[in-house]
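**Student:** In short: position in the sequence shown from 1, add 1, done, that's this note's numbering. Note that beta-carbon positions come from the ideal geometry of N, C-alpha and C, so glycine has one too.
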Amino acid sequence: MTASPFTYRLEQPADHAEIESLHAEAFGPGRFARAAFRLREDVPHDPALSFVALAGDAFVASVRLTPIRIGDRPALLLGPLAVKPPHKGRGAGKQLVRIALEAAREAGHRVVLLVGDEPYYGPLGFVRLARDAITLTTPVDPLRVLVAGLTPDALEGLGGKAERIAAAPTEYA
2 MTASPFTYRL EQPADHAEIE SLHAEAFGPG RFARAAFRLR EDVPHDPALS
52 FVALAGDAFV ASVRLTPIRI GDRPALLLGP LAVKPPHKGR GAGKQLVRIA
102 LEAAREAGHR VVLLVGDEPY YGPLGFVRLA RDAITLTTPV DPLRVLVAGL
152 TPDALEGLGG KAERIAAAPT EYA
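1) Using alpha carbons as the reference points, say which of G123, P140, E164 and V112 lies closest to A155.
2) May I ask you to list the residues that DSSP assigns as paired with L151?
3) Are the CB atoms of L79 and V98 nearer to each other than 9 Å?
4) Below 7 Å CB to CB, which residues in the same chain sit around R91 once its five sequence neighbours on both sides are set aside?
5) Could you tell me how far apart the beta carbons of L102 and I135 are, in whole angstroms, since I believe they sit closer than 8 Å?
6) What separation, rounded to the nearest whole angstrom, lies between the Cα atoms of D133 and P143?
7) What does G161 pair with, by DSSP beta-bridge criteria?
8) Please look up how many angstroms separate the CB atoms of E164 and R74, rounded, as I've assumed it's under 8 Å.
9) Measuring CB to CB, does V64 end up less than 9 Å from G109?
Put into structure tokens, the structure is as follows:
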């Protein structure tokens, strides 16, 4: 078995500029109109559930989790997940998702939502619910609305509108 070329750690305040630059490169200016961006707009991500990948000392990828609500249930929104182009396809993104989901589970969270590709996220535990079981405030392809249950019964009866929630500010939101 080959050792991973990456190390992983919690996101730190000093990572903010690098992460914002990566998001701009990966998603472009259109990112601000995307449904997932709009859902997390003005809500600080949770720094205890947001991670980065490094190759040596070089920053290569990040993932963030942000508190939201689906119907009347608390949940988390995964994203953005972004990997610098030279490091794509080498496992950093998937490992970041695994680490973030495990940290969320350990912190007592039950549900994580994302807008993404099922072939990529399905093997990481994300599934589609019935069409339009979960709606977002802006239009989104319902086939890309995926959820992961972090406890055995977390997805039972889950549905409704995914919305932002007020969150306590972080020291570097």
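**Tutor:** With the given structure in hand:
1) Looking at the Cα atoms, V112 is the closest of the given residues.
2) None; L151 has no bridge partner.
3) A contact, by the Cβ cut-off of 9 Å.
4) Within its own chain, the residues whose Cβ lies closer than 7 Å to the Cβ of R91, once the five positions on either side in sequence are excluded, are P6, listed in chain order.
5) Not confirmed; about 18 Å, so no contact.
6) Using only the alpha carbons, I get a separation of about 6 Å.
7) Answer by DSSP bridge pairing, in chain order: I135.
8) About 11 Å; that fails the 8 Å criterion.
9) No, they are not a contact pair.
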